[in-house]
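**Q** Quick one: the structure is below, and I'll ask about it shortly.
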Amino acid sequence: MTERPYHHGNLRSALLDAACAAIEETGPAALSLRDLARRAGVSHAAPAHHFGDKAGLLTELAAQGYDLLAEAVRAAGPDLTEAGVAYVRFAVEHRAHFEVMFQPGLQRPDDPALDAARRRADQALADALASSGPARRANSEAKLAAWSIVHGFAALWTSGALDARTGDDPAALARTVIANLFAADR
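If you want it as structure tokens, here you go:
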């Protein structure tokens with residue numbers, strides 16, 4: 001048996017990419033560091049060297065996901081509907097991150113980088129909500145309602161739970177769903 005090399009360019013990034021691929025195939029519960037090492041073509045000890053354990057790797061993946069989510073929501077601009085659509089697009093395009101981010105039992109809850117990334121995403125979502133008007137800005141129930149709608153829609157879409165007759169464009173359907181939510185406000 002040939003020993004696999006430890007050094008590998010950007011191993012940390014390669015392992016996170018391999019984790020995303022594995023999670024998209026089998027979900028986060030089935031993820032193993034040994035399988036990630038095999039996928040990345042490195043020794044089975046290499047992932048533990050970089051992340052410590054599975055929780056360490058998933059914590060970093062979740063933090064990465066929160067940062068990607070914050071970027072996506074901010075890039076959508078000051079429109080609440082478009083911020084919601086950006087959230088759904090993020091979930092569809094980064095399904096592995098999305099699956100890990102909202103399962104705190106898989107992560108190290110006291111990780112400062114994870115906490116900071118989560119706060120950045122929360123602030124991006126709060127800013128989008130605030131841009132929709134002063135009545136929602138100070139309303140924590142409005143924030144929860146908006147998040148519940150877009151997160152619930154994203155979870156339904158990514159899990160395949162929506163009826164095939166809904167079409168194949170999650171952004172277009174999300175835009176309609178979000179517009180219906182706020183139709184009463186107009």
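Residue numbers for the sequence shown follow our numbering, beginning at 1 and rising by one. All residues carry an ideal CB built from backbone N, CA and C; glycine is no exception.
So for Phe102, helix, strand or coil by DSSP?
**A** If DSSP states are grouped into helix, strand and coil, Phe102 belongs with coil.
**Q** Between the alpha carbons of Thr81 and Ala14, how many angstroms are there, rounded?
**A** So the alpha carbons of these two residues sit roughly 34 angstroms apart.
**Q** Please state whether the Cβ-Cβ distance between Ala63 and Arg118 is less than 9 angstroms.
**A** The answer is yes: Cβ separation under 9 angstroms.
**Q** Pick from Ala155, Asp79, Pro104: whose alpha carbon is nearest that of Ala179?
**A** Ala179 has its Cα closest to that of Asp79, out of Ala155, Asp79, Pro104.
**Q** Can you look up Asp17 in the DSSP assignment and give me helix, strand or coil?
**A** Three-state DSSP puts Asp17 in a helix.
**Q** For the alpha helix (DSSP H) that contains Asp122, what are its first and last residues?
**A** Note, Asp122: alpha helix (DSSP H), 112 to 130.
**Q** In three-state DSSP terms, what is Asp67?
**A** It is helical.
**Q** Could you tell me the boundaries of the alpha helix (DSSP H) in which Val42 lies?
**A** Element bounds for Val42: n/a, residue is neither H nor E.
**Q** Check for me: the alpha helix (DSSP H) holding Arg89 runs from which residue to which?
**A** That run of the alpha helix (DSSP H) goes 80 to 93.
**Q** How close, in whole Å, do the beta carbons of Ala89 and Ala171 come, if the pair is a contact with beta carbons under 8 angstroms?
**A** Sequence inspection shows Arg at residue 89; the Ala mentioned does not correspond to that position. About 6 angstroms separates the two Cβ atoms, so the contact holds.
**Q** Tell me, to the nearest whole angstrom, how far the beta carbon of Val73 is from that of Ala124; I am working on the premise that it is less than 8 angstroms.
**A** The pair is a contact, with the Cβ atoms about 4 angstroms apart (cut-off 8 angstroms).
**Q** Could you tell me which of Gly41, Asp53, Ala116 sits nearest to Leu31, measuring between CA atoms?
**A** Comparing Cα positions, the closest option is Asp53.
**Q** Please confirm whether Gln107 and Thr59 have their CB atoms less than 9 angstroms apart.
**A** Yes, they are a contact pair.
**Q** Just to confirm, are Ala146 and Ala155 a CB contact at a threshold of 9 angstroms?
**A** Taking 9 angstroms as the Cβ cut-off, Ala146 and Ala155 do not qualify as a contacting pair.
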